[in-house]
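Enquirer: Here's a structure for you.
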Amino acid sequence: MFKALFFSLLLFFSAQDQNGITTDRNGIPSRVLLSSSTKVLEVPAFGFYGPAQCDRDGNLFFHTTTEVYNDPSILKLKSGSWEPTIFRASDASEKIYFGEYSVSPSGEVHILGNDGALDGEQYVFAFDSDGKMSGKTKLDVPAGLFAEDFAISDRGVTLLSGYFGPKAAPNLQGQSFVGLFQPSGKLLRRLNSDLGKVDLADVGKSIHAGSAIFADDGFLYLLHEQSVLVISESGTLVRRIMFDKPSKEAAPTKLAVSGGWIAISLTEHDKKFQVTEKLLVIDGQTQEPFAIYTPPTGVTAGVMCFSRKDGFEFYGVQGGRVKITTAALR
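In structure tokens form, the structure reads like this:
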């Protein structure tokens, strides 16, 4: 799956006016980010699968490539000291395979895992702050669900999005699924997300468009192809935010929420699988786009964090060590 790849980003730029600002095809202001600060950590460089995540304190979380993709473990680097902590899901009775992971604003880590079978059961693993597994919950989902997007609220409500694969019941195969689950794992509500059917013959041949998070405002957010669903913990659809993409091929692959603003990563790849990324910022209340950004010159990896105050934070490598580049909004 393209979502599982650690992208080497080839950045691209549009023509600019004398103020360094232009507009895209939808009339949205387009700006190139400028590096406002960089810091090289005493941490050896490493690869990781998919987008990194962070909490409100700036701690960083990665599904690292130190193991195979299916290894259900997450690396945390504590902000400031950059002390590492490993969160690993395990089960004494069976091998657990990684599905997705969720980091809350307060830094709570959950891993979604299964037993590796296409019709296997889905489990949520909880951890304490030291990385020790503290709980395992089975989700009440029909067999054959392939999970794609996953987030958990501070109260333990799970948002799960995916589709039913070839091992599902015939009447479910290719159907999309979005559901909320109680902390016990019982289905709270299945949501009508207008995702439509999935072509099982073509799935996995393109970058997955989607992401899910639990935000500081207490709502769950689910990213789709051209919309963001804002959902309460009770399962109420609070609002649907529509957005325009800079191109038809751009896939929305990550979102973050800060101070009422929403940042969406838009990813494309060419025939050589070189990946480009732009960052769309939307006012979550007015639903109006603020600007679409190109990462700073020299930044060759995806965005990790977004803050309305501080801007974007990117992963990089310098001298064999991890380098973090911060770029303020402008």
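Under this note's numbering, the final residue of the sequence shown carries the number 336; numbering is consecutive throughout.
Backbone N, C-alpha and C fix where the C-beta goes; we use that ideal spot for every residue, glycine too.
For residue 63, collect the residues of the same chain with a Cβ closer than 6 Å to its Cβ; drop the 5 residues on either side in sequence, then sort them by chain order.
Expert: Only 85 meet the Cβ criterion.
Enquirer: Roughly how many angstroms lie between the CA atoms of residue 134 and residue 272, to the nearest whole one?
Expert: Residue 134 and residue 272: Cα-Cα distance of roughly 33 Å.
Enquirer: Alpha carbons only, please: which of 203, 161 and 192 is nearest the one belonging to residue 222?
Expert: Checked all of 203, 161 and 192; the closest Cα to residue 222 is 161.
Enquirer: Going straight from the alpha carbon of residue 330 to that of residue 318, what length do you get?
Expert: Cα to Cα, the separation comes out at about 10 Å.
Enquirer: Please list, in chain order, all residues of the same chain as residue 197 whose beta carbon is under 6 Å from its beta carbon, the five residues on each side excluded.
Expert: If we look at residue 197 and ignore the five residues flanking it on each side, its Cβ neighbours are 184.
Enquirer: Put residue 267 into one of helix, strand or coil per three-state DSSP.
Expert: Here residue 267 sits in strand by DSSP.
Enquirer: Below 7 Å CB to CB, which residues in the same chain sit around residue 423 once its five sequence neighbours on both sides are set aside?
Expert: Outside the shown range of the chain, which is 7 to 336, sits residue 423, and nothing can be said about it.
Enquirer: Could you check if residue 37 is buried or exposed, using at least 16 other CB atoms within 10 Å of its CB as the buried criterion?
Expert: Result: buried.
Enquirer: Could you pull the start and end residues of the beta strand (DSSP E) that residue 243 belongs to?
Expert: Run containing residue 243: 243-248, per the beta strand (DSSP E) assignment.
Enquirer: Taking the alpha-carbon positions, what's the residue 242 to residue 164 distance?
Expert: So the alpha carbons of these two residues sit roughly 14 Å apart.
Enquirer: Could you check what DSSP says for residue 154 in three-state terms: helix, strand or coil?
Expert: DSSP places residue 154 in strand when its eight states are reduced to three.
Enquirer: Just grab the DSSP bridge partners of residue 90 for me.
Expert: DSSP lists 83 as partners of residue 90.
Enquirer: By DSSP, does residue 121 sit in helix, in strand, or in coil?
Expert: Residue 121 falls in the coil class under three-state DSSP.
Enquirer: Can you have a look at residue 75 and say buried or exposed, based on whether 16 or more other CB atoms are within 10 angstroms of its CB?
Expert: Exposed: under 16 other Cβ atoms inside 10 Å.
Enquirer: Below 6 Å CB to CB, which residues in the same chain sit around residue 32 once its five sequence neighbours on both sides are set aside?
Expert: Taken in chain order, the residues that qualify are 250.
Enquirer: Among 155, 178 and 141, which one has its Cα closest to the Cα of residue 4?
Expert: Since the first residue of the chain shown is 7 and the last is 336, residue 4 is not available in this structure.
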